[in-house]
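First the structure, in the form of structure tokens, and then the observations on it.
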Amino acid sequence: MFLTISATGTPERPATDLGYLLHKHPDNAQTFSTSYGTAHVLYPEASAERCTAALLLEVDAVALVRRGKGKGRGGAPDAALAQYVNDRPYAASSLLAVALSAVFSSAMKGQCNARPELPGRPLPLRVEVPALPARGGADLVRALFEPLGWTVTVEAVALDAEFPEWGDSRYVRLVLESERLTLSEALRHLYVLLPVLDDAKHYWVSSDEVDKLLRAGDGWLPDHPEQQLITSRYLSRRWSLTREAMERLELVRLAEADDSAVEEIDNAVAEETEADSEDAAEPEEKSVSLAVQRRDAILAALHASGAARVLDLGCGQGQLVQALLKDMRFTEIVGVDVSMRALTVASRRLKLDRMGERQAERVKLMQGSLAYTDNRLKGYDAAVLSEVIEHLDLPRLPALEYAVFGSARPKTVLVTTPNVEYNVRWETLPAGHSRHGDHRFEWTREEFRAWAERVAGRHGYGVEFTPVGPDDPEVGPPTQMATFVLTTKEEKAA
Ligand code: SAH
Numbered sequence: 001m002f003l004t005i006s007a008t009g010t011p012e013r014p015a016t017d018l019g020y021l022l023h024k025h026p027d028n029a030q031t032f033s034t035s036y037g038t039a040h041v042l043y044p045e046a047s048a049e050r051c052t053a054a055l056l057l058e059v060d061a062v063a064l065v066r067r068g069k070g071k072g073r074g075g076a077p078d079a080a081l082a083q084y085v086n087d088r089p090y091a092a093s094s095l096l097a098v099a100l101s102a103v104f105s106s107a108m109k110g111q112c113n114a115r116p117e118l119p120g121r122p123l124p125l126r127v128e129v130p131a132l133p134a135r136g137g138a139d140l141v142r143a144l145f146e147p148l149g150w151t152v153t154v155e156a157v158a159l160d161a162e163f164p165e166w167g168d169s170r171y172v173r174l175v176l177e178s179e180r181l182t183l184s185e186a187l188r189h190l191y192v193l194l195p196v197l198d199d200a201k202h203y204w205v206s207s208d209e210v211d212k213l214l215r216a217g218d219g220w221l222p223d224h225p226e227q228q229l230i231t232s233r234y235l236s237r238r239w240s241l242t243r244e245a246m247e248r249l250e251l252v253r254l255a256e257a258d259d260s261a262v263e264e265i266d267n268a269v270a271e272e273t274e275a276d277s278e279d280a281a282e283p284e285e286k287s288v289s290l291a292v293q294r295r296d297a298i299l300a301a302l303h304a305s306g307a308a309r310v311l312d313l314g315c316g317q318g319q320l321v322q323a324l325l326k327d328m329r330f331t332e333i334v335g336v337d338v339s340m341r342a343l344t345v346a347s348r349r350l351k352l353d354r355m356g357e358r359q360a361e362r363v364k365l366m367q368g369s370l371a372y373t374d375n376r377l378k379g380y381d382a383a384v385l386s387e388v389i390e391h392l393d394l395p396r397l398p399a400l401e402y403a404v405f406g407s408a409r410p411k412t413v414l415v416t417t418p419n420v421e422y423n424v425r426w427e428t429l430p431a432g433h434s435r436h437g438d439h440r441f442e443w444t445r446e447e448f449r450a451w452a453e454r455v456a457g458r459h460g461y462g463v464e465f466t467p468v469g470p471d472d473p474e475v476g477p478p479t480q481m482a483t484f485v486l487t488t489k490e491e492k493a494a
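In terms of the working numbering, the sequence shown has 71 at position 71, counting the first letter as 1, and numbering is strictly consecutive.
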């Protein structure tokens, strides 16, 4: 089974840039072994005008059966034979998708150290898949690829060219063309949609497939009109995983609807204020941005708690994770966010892929929503929610309370949120406006205290409050922080 990816180019932007992007030199044919066969990458053509890379996968049907992975098809009386004689070696399927991600993993992630400007640039691309099993036919193929910006050509493949009266097979020849996609986007479309069209995975689909789907679907799946079908088929119709994925996609959409949600807008406000009032009074208070003061306050509270294993819930672009990593007192640091885009930025900021092994073992980024209980979050010393609660709609807040204080139950929880009373002190903030377009609410000191005490009481925590930033005698500090400490007896004994 194989597919080809071609780029066209100009003397200024030669098509052979494809070789850089794929991290495979056009002059060499390369071979990679996988657990179910051998993958070859070669370039049938490579000039400035046109460059084509072919991925050819030789499937070892016997190895597939031995590994118990040939069971995607069959159930018919001759199922035993069908394990050995089937379309797996010839048709593009989940095997090809897995090979694609293994052989072109950097290209898929959009990484190119040699030419960092290349991955972000759209290319004139053409992808051809000569034999694609298309369950749902040509119409479905179009419905899947056209909304993503591809011009789609699908031709039915005859069952037997010698006997046209036998009709068409369920395979199609697919050609995709686009001028406005990046190679990373193109590869991630194929990685997800080839197995969706084949509709039979060669391996058991477990819950980490939801993460893979969300990662590969970043930037296109949350808005795809066929999202339900894609999600369900990709996850082999396992409904519980499908439901989880659909819910997470919905949250990604909400979080990213306001693009600025992942930016530090209230810090931008703080910095603007700094610049505006450079020669105003209190220069010492303005010289350190509020974001930095907040991070310092969080680090101090974490030190005081003695925590070593820490969750950063709603980690955004990973600034706090980065600060925690520099401090060897923290042995395990997990950043969680609902926004894939934020996590992508965080992973780049932390240089996760280039980190030494010892550092890499200390840190992990996970996509997840705080509106759902999540067993991965259990057993940590401390959790930080820095400027996160105000991004949830008030009716969703009890779900977060339960997920963090009821289910994850770290010994210490730090929550920071804006103090709305302080807003009158931001010279650039029009009266009655919140600090950030995506803030669903901002609380007074009294409101925050009432909420925190109720949550603490309900879940067996004690709570104390710390001002962050200049503590104005009248309106209080710009940021308020609550430190929750678990007090229930059974937890102390444990
Ligand atoms: N903690 C960071 C980022 C705050 S911005 C800081 O202090 O700078 C709020 C972050 O919460 C965003 O990255 C947003 O994507 C995330 N977020 C919002 N709702 C969420 C939810 N339900 N689950 C997980 N993260 C969420």
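Just so you know, even glycine gets a beta-carbon here, dropped at the ideal spot from N, CA and C.
Every value quoted in this text rests on a predicted model; they were computed, and no experiment measured them.
Quiz item: Roughly how many angstroms lie between the CA atoms of H391 and G379, to the nearest whole one?
Solution: Each residue's Cα considered, the two are about 25 Å apart.
Quiz prompt | Own chain partners of I389 with C-beta closer than 8 Å, once the 5 adjacent residues on each side are dropped | solution = For I389, where only same-chain residues beyond five positions count, the Cβ hits under 8 Å are L397, L400, V415 and T417.
Quiz item: Looking only at C-alpha atoms, which of Q317, T38 and T16 sits nearest to E387?
Solution: Comparing C-alpha distances from E387 to each of Q317, T38 and T16 shows the shortest one belongs to Q317.
Quiz item: What is the C-beta distance between A7 and P124, in whole angstroms, given that I count them as a contact (C-beta under 8 Å)?
Solution: Right, the Cβ-Cβ distance comes to about 6 Å (below 8 Å), so this counts as a contact.
Exercise. Ignoring anything shorter than 4 residues or poking outside the segment 327-404, list the alpha helix (DSSP H) runs there in chain order.
Key: Secondary structure within the segment 327-404: the alpha helix (DSSP H) runs of 4 or more consecutive residues, fully enclosed, are 340-350, 357-362 and 397-401 (chain order).
Quiz item: Can you tell me whether A473 is buried or exposed, with buried defined as 16 or more other CB within 10 angstroms of its CB?
Solution: The displayed chain sequence assigns Pro, not Ala, to residue 473. A residue is called buried once 16 or more other Cβ atoms fall within 10 Å of its Cβ, and P473, having fewer, is exposed.
Quiz prompt | Helix, strand or coil at N419 according to DSSP, with G and I counted as helix | solution = In the displayed model, N419 falls within a strand according to three-state DSSP.
Exercise. Please confirm whether any heavy atom of ligand 1 lies closer than 7 Å to the CB of G406.
Key: Result no, Cβ not under 7 Å from ligand 1.
Quiz item: Beta-carbon separation of P130 and R170 under 8 Å?
Solution: No. Outside cutoff.
Self-check item: Euclidean distance between Cα positions of G19 and V404
Solution: Looking at the two C-alpha atoms, the distance is approximately 46 Å.
Quiz item: A107 and S184 look like a contact to me (Cβ under 8 Å); what is the Cβ gap, rounded to whole Å?
Solution: Confirmed, Cβ separation roughly 6 Å.
Practice problem: Throw me the rounded Cβ distance for the L235 and L241 pair, which I believe falls under 8 Å. | Solution: Contact between L235 and L241 holds: CB atoms are separated by about 4 Å, below the 8 Å threshold.
Quiz item: Tell me, which residues are paired with Y461 by DSSP?
Solution: Residue pairing of Y461 in beta bridges, as defined by DSSP: L486.
Exercise. Using 10 angstroms around the beta-carbon of L313, count the other beta-carbons present and answer buried if the total reaches 16, otherwise exposed.
Key: The residue in question, L313, is buried, as its Cβ has 16 or more Cβ neighbours within 10 Å.
Exercise. Go through its chain and collect everything with a Cβ distance to A143's Cβ below 7 Å, but skip five positions before and after it.
Key: Its chain contains E226 as the residues whose beta carbon lies nearer than 7 Å to that of A143, once the 5 sequence neighbours on both sides are disregarded; these appear in chain order.
Practice problem: Take the Cβ of H303 as the centre, count every other Cβ of all protein chains shown within 10 Å, and call the residue buried at 16 or more, exposed below. | Solution: Exposed: under 16 other Cβ atoms inside 10 Å.
Quiz item: In whole angstroms, what is the alpha-carbon distance linking F2 and Q359?
Solution: Looking at the two C-alpha atoms, the distance is approximately 38 Å.
Practice problem: May I have the straight-line CA-CA distance separating S260 from W426, to the nearest angstrom? | Solution: For S260, the predicted structure reports a pLDDT of 45, less than 50, and the residue's modelled location is therefore unreliable. A value from the coordinates is still provided. Those two C-alpha atoms are separated by around 20 Å.
Self-check item: Extent of the continuous beta strand (DSSP E) run through S178
Solution: Judged by DSSP secondary structure, S178 falls within the beta strand (DSSP E) whose first and last residues are D168 to L181.
Quiz item: Excluding sequence positions up to five away, which residues of its chain have a Cβ less than 7 Å from the Cβ of F104?
Solution: Excluding residues within five positions, the ones whose Cβ falls inside 7 Å are L22 and L187.
Self-check item: Contact check, V485 vs Y422, beta carbons under 8 Å
Solution: Cβ atoms of V485 and Y422: not closer than 8 Å.
Exercise. Quick one: residues in its chain with C-beta nearer than 6 Å to the C-beta of T373, no 5 flanking neighbours on either side, listed in chain order?
Key: Scanning its chain for C-beta atoms nearer than 6 Å, with the 5 sequence neighbours on each side dropped, one finds around T373 the residues A403 and S407, in chain order.
Quiz prompt | D312, DSSP secondary structure in three states | solution = Three-state result, D312: strand.
Quiz item: With DSSP run on the structure shown, which of helix, strand or coil describes H40?
Solution: Shown here, H40 sits in a strand according to DSSP, grouped into three states.
Self-check item: Helix, strand or coil at S207 [DSSP, three-state]
Solution: The answer is coil: DSSP assigns S207 none of H, G, I, E or B.
Self-check item: A138 Cβ short of 7 Å to ligand 1 heavy atom set
Solution: It does not: the Cβ of A138 is nowhere closer than 7 Å to a heavy atom of ligand 1.
Practice problem: Work out the CA separation of D353 and V384 for me, nearest whole Å. | Solution: Taken atom to atom, the span from the alpha-carbon of V384 to that of D353 is near 24 Å.
Quiz item: When you compare only the Cα positions, how much space is there between D381 and R294?
Solution: Taking the Cα positions, D381 is about 20 Å away from R294.
Exercise. For my contact list, Y43 and T31 are in at a C-beta cut-off of 8 Å; report their separation, rounded to the angstrom.
Key: About 14 Å separates the two Cβ atoms, so there is no contact after all.
Quiz item: Anyone know if the C-beta pair for V463 and E447 falls short of 8 Å?
Solution: Their beta carbons are not under 8 Å apart, which means V463 does not touch E447 by this criterion.
Exercise. Pull up the distance between the alpha-carbon of P222 and that of G136, whole angstroms please.
Key: Taking the straight line joining both Cα atoms gives about 22 Å.
Quiz item: Taking 7 Å as the line, does the beta carbon of Q293 fall inside it for any heavy atom of ligand 1?
Solution: Result no, Cβ not under 7 Å from ligand 1.
Quiz prompt | Cα-Cα separation, R309 to V336 | solution = The straight-line gap separating the alpha-carbon atoms of R309 and V336 is approximately 14 Å.
Quiz prompt | Nonlocal neighbours in the same chain, by C-beta distance under 8 Å from A48, ignoring five residues either side | solution = Within the same chain, G9, T10, P11, P14, A15 and T16 come within 8 Å of A48 by CB-CB distance, once the 5 residues on both sides are set aside.
Quiz item: For S184, which three-state DSSP category applies?
Solution: Note: S184 maps to helix in three-state DSSP.
Practice problem: Compute every distance between the C-beta of L320 and the non-hydrogen atoms of ligand 1, then say whether any falls below 7 Å. | Solution: Proximity of the beta carbon of L320 to ligand 1 is indicated: a heavy atom of the ligand is located closer than 7 Å.
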